[in-house]
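Q: Below you will find the structure I want to go over with you.
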Amino acid sequence: MSETLLSARNLAFELYEVLDAEALTRRERFAEHSRETFDAALGTARGIAERLFAPHNRKHDEHEPQYVEGAATLIPEVKPALQAFIEAGFFTATRDFEAGGMQLPHLLSQACFAHFQAANIATASYAMLTLGAANLIEAFGDATQKRRFLQPMLDGRFFGTMALTEAHAGSSLADIRSRAEPAADGSYRLKGNKIFISAGDHPLTENIVHLVLARLPDAPAGVKGISLFIVPKFLVNDDGSLGQRNDVLLAGLLHKMGWRGTTSTALNFGDNGACVGYLVGKPHAGLSYMFQMMNEARIGVGMGAVMLGYAGYLYSLDYARQRPQGRLPDGKNPASGQVPIIAHADVRRMLLAQKAYVEGAFDLGLYAARLFDDTQTLGDAGEREQALRLLDLLTPVVKSWPSTYCLKANELAIQVLGGHGYTREYPVEQYYRDNRLNPIHEGTHGIQSLDLLGRKVAQHDGAALKHLLRLIQDCCQRASRHAALDALRRPLEQLLARLSRVTLDLLGELMQGRINQGLADSALYLKVFGHTVIGWRWLEQAIHAEQGRLGGNPADADFYRGKLQAARYFLLREVPGCQHDLDLLEQRDDTCLAMEQAWF
Numbered sequence: 001m002s003e004t005l006l007s008a009r010n011l012a013f014e015l016y017e018v019l020d021a022e023a024l025t026r027r028e029r030f031a032e033h034s035r036e037t038f039d040a041a042l043g044t045a046r047g048i049a050e051r052l053f054a055p056h057n058r059k060h061d062e063h064e065p066q067y068v069e070g071a072a073t074l075i076p077e078v079k080p081a082l083q084a085f086i087e088a089g090f091f092t093a094t095r096d097f098e099a100g101g102m103q104l105p106h107l108l109s110q111a112c113f114a115h116f117q118a119a120n121i122a123t124a125s126y127a128m129l130t131l132g133a134a135n136l137i138e139a140f141g142d143a144t145q146k147r148r149f150l151q152p153m154l155d156g157r158f159f160g161t162m163a164l165t166e167a168h169a170g171s172s173l174a175d176i177r178s179r180a181e182p183a184a185d186g187s188y189r190l191k192g193n194k195i196f197i198s199a200g201d202h203p204l205t206e207n208i209v210h211l212v213l214a215r216l217p218d219a220p221a222g223v224k225g226i227s228l229f230i231v232p233k234f235l236v237n238d239d240g241s242l243g244q245r246n247d248v249l250l251a252g253l254l255h256k257m258g259w260r261g262t263t264s265t266a267l268n269f270g271d272n273g274a275c276v277g278y279l280v281g282k283p284h285a286g287l288s289y290m291f292q293m294m295n296e297a298r299i300g301v302g303m304g305a306v307m308l309g310y311a312g313y314l315y316s317l318d319y320a321r322q323r324p325q326g327r328l329p330d331g332k333n334p335a336s337g338q339v340p341i342i343a344h345a346d347v348r349r350m351l352l353a354q355k356a357y358v359e360g361a362f363d364l365g366l367y368a369a370r371l372f373d374d375t376q377t378l379g380d381a382g383e384r385e386q387a388l389r390l391l392d393l394l395t396p397v398v399k400s401w402p403s404t405y406c407l408k409a410n411e412l413a414i415q416v417l418g419g420h421g422y423t424r425e426y427p428v429e430q431y432y433r434d435n436r437l438n439p440i441h442e443g444t445h446g447i448q449s450l451d452l453l454g455r456k457v458a459q460h461d462g463a464a465l466k467h468l469l470r471l472i473q474d475c476c477q478r479a480s481r482h483a484a485l486d487a488l489r490r491p492l493e494q495l496l497a498r499l500s501r502v503t504l505d506l507l508g509e510l511m512q513g514r515i516n517q518g519l520a521d522s523a524l525y526l527k528v529f530g531h532t533v534i535g536w537r538w539l540e541q542a543i544h545a546e547q548g549r550l551g552g553n554p555a556d557a558d559f560y561r562g563k564l565q566a567a568r569y570f571l572l573r574e575v576p577g578c579q580h581d582l583d584l585l586e587q588r589d590d591t592c593l594a595m596e597q598a599w600f
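For the sequence shown, full-length UniProt numbering gives the first residue as 1, with consecutive numbering after it.
Below, the structure written as structure tokens:
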């Protein structure tokens with residue numbers, strides 16, 4: 001396995017030691033699987049990612065899609081890579097055997113997909129968007145829509161997108177203007193313009209299925225007046241064959257600093273008054289349906305951020321081991337040989353910070369995937385609901401924390417390479433540019449923080465938050481059985497106790513109607529909440545690493561010591577720093593809120 005994509009040893013540690021993937025095989029749905037079948041799927045993903053995805057990652061960054069005669073053109077390597085992905089069964093990895101799927105747990109499907117995200121995030125995004133769109137149609141579409149659109153998407157003949165954003169509205173979906181008029185045949189005619197639509201046009205498949213948010217003529221104002229429509233690039237006949245071109249126009253391509261291989265499009269719907277769309281579900285309920293795809297995409301974006309950070313970390317680690325430069329501070333003899341830069345303490349600091357960020361976030365992303373398996377396959381309905389609420393609570397963290405801190409890891413990777421780091425001859429500058437999009441993809445850090453503090457922590461009388469607190473407290477209790485972990489768990493316990501108090505205070509502000517004041521520093525709250533969650537996941541890793549160190553294979557001793565050292569870095573250096581952030585939250589510091597526009 002190429003250690004420039006993903007550490008094989010760390011993946012095995014996560015799946016089989018921390019998250020106990022083999023326990024899933026005791027559930028009925030996964031009973032035909034074993035560690036051997038899981039590893040076979042991972043090996044296939046690794047091979048395709050290395051052979052067909054990674055080699056053109058640089059090429060389509062340098063030769064991004066072009067707008068030619070009203071259509072988007074791509075480099076030729078993208079299509080065979082995605083075809084291999086489809087033929088290997090990764091589009092249907094989690095689906096039933098009877099439907100041609102592998103019936104894999106989502107945990108394993110996410111672990112497989114992580115290889116493609118590390119190898120080539122832009123090409124992988126076509127698959128990610130299509131899977132999300134297919135899942136939405138499966139959940140809310142009618143029988144005809146599933147026959148016409150879902151199965152061809154699962155077969156890889158059609159790809160999918162979500163078309164939300166409009167230039168004048170940005171992230172404020174309440175202000176979208178796209179309209180949908182009912183037609184005599186039961187379909188609708190759409191008119192409007194969408195922007196920043198990833199994968200909105202390309203030559204990779206027979207058809208593209210757009211999931212479009214628009215308003216009906218009788219729609220109420222705001223988000224409660226948004227409906228969801230299937231709008232194909234080509235109409236589909238009753239027998240499944242393609243009909244005429246729909247009235248969907250590629251108005252142009254947007255050229256981004258990263259993810260250059262994924263077309264970013266401006267689309268016009270209904271310029272000729274003939275854009276056919278099909279209502280999904282009930283009128284005015286479109287945003288609630290779209291949130292399923294958006295939440296999947298948020299987790300996908302978070303994992304994409306993890307894997308870009310991970311790829312940069314592994315590259316800079318390998319570089320630091322091989323690059324000789326300078327001597328240690330006590331090496332006064334200029335005739336002595338140079339040392340590899342990994343021998344320098346500050347380089348080790350930067351590598352250790354990267355390891356702490358990316359391996360902590362990687363654990364969280366896989367934990368979220370396992371939670372999704374719990375929502376589907378736990379035997380008790382109450383436990384399934386509990387897992388669903390916890391996953392909902394953690395989704396803003398899974399999306400936003402890696403998008404912030406794995407981007408910091410990419411910045412550190414550039415710094416490790418020094419002058420070479422910002423040249424295009426080395427990949428770390430591209431990883432940074434690609435990852436810089438993720439703090440904006442699927443909702444900014446600020447939007448995620450409003451979702452977390454303004455909605456998620458208080459939902460269901462705080463049931464998910466209380467469950468999360470119990471899980472972290474249980475982890476701290478198990479860590480207390482290991483004297484070597486005492487210093488690591490105490491900062492987390494202190495942070496958790498204080499975060500709980502500050503959360504109650506902030507929720508009190510909101511309940512008393514001081515909405516703007518209570519949410520003014522929600523972004524800071526998300527940072528502290530995220531550090532608490534990542535600290536918990538690192539302490540969980542530390543418990544298993546300590547157990548492995550004491551009773552495992554001696555050949556793994558360095559691996560486990562490295563895990564413990566990264567946990568030590570995060571819990572002793574990152575977690576305590578949140579106490580100052582909590583000071584600001586506790587004091588309701590209004591420096592930002594009180595700043596007048598005229599003062600800038």
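From the three backbone atoms N, C-alpha and C, an ideal C-beta is built for every residue, glycine too.
Verify whether the separation of the beta carbon atoms of Ile197 and Phe158 is less than 8 Å.
A: Reading the sequence shown from its first residue, position 197 is the one you call residue 197. Reading the sequence shown from its first residue, position 158 is the one you call residue 158. No, the pair does not count as a contact, with Cβ atoms beyond the cut-off.
Q: Residues in the same chain with beta-carbon distance under 8 Å from residue 662, minus the five sequence neighbours each way, listed in chain order, please.
A: Residue numbering for the chain in the displayed model covers 1 to 600; residue 662 lies beyond these limits and cannot be assessed.
Q: Given a threshold of 16 other Cβ atoms within 10 Å of its Cβ, counted over all protein chains shown, does Val248 qualify as buried or as exposed?
A: As a first step, residue 248 must be located in the sequence shown, where it is residue number 248. With 16 or more other Cβ atoms within 10 Å, it is buried.
Q: Are Gln541 and Ala557 closer than 8 Å when you measure CB to CB?
A: Taking the first residue of the sequence shown as 1, we reach residue 541 at position 541. Taking the first residue of the sequence shown as 1, we reach residue 557 at position 557. Taking 8 Å as the Cβ cut-off, Gln541 and Ala557 do not qualify as a contacting pair.
Q: Within the continuous beta strand (DSSP E) that includes Ile208, where are the two ends?
A: Locating residue 208 in the sequence shown gives position 208, where the first residue counts as 1. From DSSP, the beta strand (DSSP E) with Ile208 extends over 207-214.
Q: Going straight from the alpha carbon of Leu19 to that of Asn268, what length do you get?
A: The count along the sequence shown starts at 1 and reaches residue 19 at position 19. The count along the sequence shown starts at 1 and reaches residue 268 at position 268. Looking at the two C-alpha atoms, the distance is approximately 45 Å.
Q: Between Ala594, His56, Pro76, which has its C-alpha nearest Phe116's C-alpha?
A: The count along the sequence shown starts at 1 and reaches residue 116 at position 116. Distances from the alpha-carbon of Phe116 to those of Ala594, His56, Pro76 put His56 closest.
Q: What whole-angstrom Cβ distance do Ile534 and Trp401 have, given they're in contact under 8 Å?
A: Your numbering for residue 534 matches position 534 in the sequence shown. Your numbering for residue 401 matches position 401 in the sequence shown. Confirmed, about 6 Å.
Q: Could you check how far apart the C-beta atoms of Phe53 and Thr161 are, in whole angstroms? I think they sit under 8 Å.
A: Within the sequence shown, the letter at position 53 stands for residue 53. Within the sequence shown, the letter at position 161 stands for residue 161. Contact flag wrong, Cβ pair sits at about 20 Å.
Q: So what does DSSP say about Ser2, is it helix, strand or coil?
A: Working through the sequence shown from its first residue, we reach residue 2 at position 2. Only weak support is given to the placement of Ser2: the predicted model assigns it a pLDDT of 46, under 50, and the question is left unresolved by the model.
Q: Here's the rule I'm using: 16 or more other beta-carbon atoms within 10 Å means buried, otherwise exposed. How should Ser403 be labelled?
A: Position 403 of the sequence shown, counted from the start, is the residue given in the question as residue 403. Buried, by the Cβ-count rule.
Q: How big is the Cα-Cα spacing for Arg501 and Cys475?
A: Residue mapping note: residue 501 aligns to position 501 of the sequence shown, counting from 1. Residue mapping note: residue 475 aligns to position 475 of the sequence shown, counting from 1. The straight-line gap from Cα to Cα measures roughly 20 Å.
Q: Going by beta-carbon coordinates alone, are Tyr289 and Phe229 separated by less than 8 Å?
A: Position 289 of the sequence shown, counted from the first residue, corresponds to residue 289. Position 229 of the sequence shown, counted from the first residue, corresponds to residue 229. For Tyr289 and Phe229, no; Cβs fall outside 8 Å.
Q: Starting from residue 604, follow the beta strand (DSSP E) in both directions and report where the run begins and ends.
A: Outside the displayed range of the chain (1 to 600) lies residue 604, so it cannot be described from this structure.
Q: On a Cα-Cα basis, can you pick out the residue from Glu411, Leu453, Asp374, Lys527 that is closest to Arg29?
A: Numbered from its first residue, the sequence shown carries residue 29 at position 29. When only C-alpha atoms are compared, the closest one is Asp374.
Q: In the DSSP assignment, the alpha helix (DSSP H) including Val398 goes from what residue to what residue?
A: Mapped onto the sequence shown, residue 398 falls at position 398. Looking at the DSSP string, the run of the alpha helix (DSSP H) that includes Val398 is 381-417.
Q: Go through the UniProt domain "Acetyl-CoA dehydrogenase-like C-terminal" (469-595) residue by residue and report every complete run of the beta strand (DSSP E) that reaches 3 residues or more, in order.
A: none
Q: How many angstroms separate the CA atom of Phe362 from the CA atom of Ala458?
A: Working through the sequence shown from its first residue, we reach residue 362 at position 362. Working through the sequence shown from its first residue, we reach residue 458 at position 458. If I take the Cα positions, the gap works out to 27 Å.
Q: Tell me which residue opens and which closes the beta strand (DSSP E) that Leu228 is part of.
A: As a first step, residue 228 is located in the sequence shown; it is residue number 228 there, counting from the start. Its beta strand (DSSP E) spans residues 227-232.
Q: Check whether the stretch 101-120 and the stretch 301-308 touch, using three or more Cβ-Cβ pairs below 8 Å as the test.
A: yes
Q: Just verifying my parser: in three-state terms, what is the DSSP assignment at Ser264?
A: Looking up residue 264 in the sequence shown gives position 264. Strand.
Q: Is it the case that the Cβ atoms of Gly462 and Ser522 are separated by a distance below 8 Å?
A: As a position in the sequence shown, residue 462 is number 462, starting the count at 1. As a position in the sequence shown, residue 522 is number 522, starting the count at 1. Against a cut-off of 8 Å, the Cβ pair of Ser522 and Gly462 comes out as no contact.
Q: From Leu173, Trp259, Ala285, Ala369, pick the residue whose C-alpha is nearest to that of Leu390; which is it?
A: Position 390 of the sequence shown, counting from 1, holds the residue named residue 390. Closest by alpha carbon: Ala369.
Q: What do you get for Thr532, buried or exposed, if any count of 16 or more other CB atoms within 10 angstroms of its CB means buried?
A: Walking along the sequence shown from the start, residue 532 turns up at place 532. Under this definition Thr532 is a buried residue.
Q: What is the residue span of the alpha helix (DSSP H) that residue 606 lies within?
A: Outside the displayed range of the chain (1 to 600) lies residue 606, so it cannot be described from this structure.
Q: In this structure, how does DSSP classify Gln103 when only helix, strand and coil are distinguished?
A: As a working note, residue 103 is residue 103 in the sequence shown. In the three-state reduction of the DSSP assignment, Gln103 falls in the coil class.
Q: Can you tell me whether DSSP reads Ile440 as helix, strand or coil?
A: Here residue 440 corresponds to residue number 440 of the sequence shown, with the count starting at 1. Ile440 falls in the coil class under three-state DSSP.
Q: Going by DSSP, what residues sit across from Met162 in a beta bridge?
A: On the sequence shown, residue 162 is found 162 positions in, with the first residue counted as 1. Beta-bridge annotation (DSSP): Met162 is paired with Leu211.
Q: For Leu468 and His202, what's the separation of their Cα atoms in angstroms?
A: On the sequence shown, position 468 is the one that residue 468 refers to. On the sequence shown, position 202 is the one that residue 202 refers to. Taking the straight line from one Cα to the other gives about 42 Å.
Q: Keeping to the same chain, check which residues put their C-beta closer than 6 Å to that of Arg35; ignore five residues upstream and five downstream.
A: Locating residue 35 in the sequence shown gives position 35, counting from the first residue. Excluding residues within five positions, the ones whose Cβ falls inside 6 Å are Glu22.
Q: So the alpha helix (DSSP H) Phe196 belongs to, where does it begin and stop?
A: Position 196 of the sequence shown, counting from 1, holds the residue named residue 196. That residue, Phe196, is in no alpha helix (DSSP H); its beta strand (DSSP E) goes 188-198.
Q: Taking all protein chains shown into account, decide if Ile121 is buried (16 or more other Cβ within 10 angstroms of its Cβ) or exposed.
A: By 1-based counting over the sequence shown, the position of residue 121 is 121. Buried, since its Cβ has 16 or more Cβ neighbours within 10 Å.
Q: If you draw a straight line from the alpha carbon of Ile341 to that of Leu317, how long is it in whole angstroms?
A: Residue 341 sits at position 341 when you count from the first residue of the sequence shown. Residue 317 sits at position 317 when you count from the first residue of the sequence shown. Distance between the alpha carbons of Ile341 and Leu317 is about 10 Å.
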